[in-house]
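Shown next, in structure tokens, is the structure this report addresses.
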Amino acid sequence: MINPRNISYGSIIYLIILFLGYTVVGYILAAYNVNLLILIGTYLITLRLAQTGSSSISLAIAWISLWLWGGVFVWARPLILGEINPQTVALLLLSCWIHITSMIFLLAFAQPRMYRIGLDKQKSIYGLIILVWSAMSIGWHIYQRISSL
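The opening position of the sequence shown corresponds to residue 883 in the working numbering, with each subsequent residue numbered one higher.
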């Protein structure tokens, strides 16, 4: 049982920011209409980050660079961009990459925060996976609802 007096509120705020950030990641994935392979790969990369932490940062950044900078030109067609000028599209791509990279770093260093709220290694991995995967799924569904209006 977790003692409420031992809970680190900084860790709770960190996890809320992580949840909201990964909700935006799910929204971005849906907005760019990513391929199922990229979606599954992204879930697996987040699983690896939750398990190993900072030792998987390079793998995650390589994956994001691969699908964002390479895959966008092949699979992804931003549905909401339409006829926007190229500078705006480039700025949006750069801002998406910066956001997703920051989420990689937040997830990579989230395990110590989970320890501070009283969870052991196994529970912290499961908690991070549930938090991140549910946030990305919620972001995906938010985009689907907004785009169908």
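Ideal Cβ placement from N, Cα and C applies to all residues, glycine included. Since we're looking at a predicted model, the values are computed, not measured.
Going by CA-CA distance only, name the one from I894, P994, I922 and A992 that's closest to S1019. The residue given as residue 1019 occupies position 137 in the sequence shown. Nearest to S1019 by alpha-carbon distance, out of I894, P994, I922 and A992, is I922.
If you follow the alpha helix (DSSP H) that A942 is in, where does it begin and where does it stop? As a working note, residue 942 is residue 60 in the sequence shown. I939 to S947 is the span of the alpha helix (DSSP H), which, as asked, contains A942.
Classify Y914 as helix, strand or coil using the three-state DSSP reduction. Numbered from 1 along the sequence shown, position 32 holds the residue referred to as residue 914. If DSSP states are grouped into helix, strand and coil, Y914 belongs with coil.
Distance check for Q969 and N894, CA to CA, integer angstroms please. In the sequence shown, the residue the question calls residue 894 occupies position 12. In the sequence shown, the residue the question calls residue 969 occupies position 87. According to the sequence as given, residue 894 is Ile; it is not Asn. Spanning the two alpha carbons is a distance of roughly 38 Å.
Secondary structure of G952, DSSP reduced to three states: In the sequence shown, residue 952 corresponds to position 70, counting from 1. The answer is helix: DSSP assigns G952 an H, G or I state.
Using the three-state DSSP reduction, which class does G892 fall into: helix, strand or coil? For the purposes of this step, residue 892 is taken as residue 10 along the sequence shown, with counting starting at 1. In the structure shown, G892 sits in a helix (DSSP, three-state: H, G or I).
Nearest CA to the CA of C978: which residue from Y896, L911 and Y891? Mapped onto the sequence shown, residue 978 falls at position 96. The residue with the shortest Cα to Cα distance from C978 is L911.
DSSP three-state assignment for I899, whether helix, strand or coil: Position 17 of the sequence shown, counted from the start, is the residue given in the question as residue 899. The answer is helix: DSSP assigns I899 an H, G or I state.
Any idea if W951 is buried or exposed, counting beta-carbon neighbours within 10 angstroms, 16 or more meaning buried? Position 69 of the sequence shown holds residue 951. So W951 ends up on the exposed side.
Would A942 and I1011 qualify as a contact pair, given that the criterion is a beta-carbon distance under 8 Å? Stepping through the sequence shown from its first residue, residue 942 is reached at position 60. Stepping through the sequence shown from its first residue, residue 1011 is reached at position 129. Going by C-beta atoms, A942 is not nearer than 8 Å to I1011.
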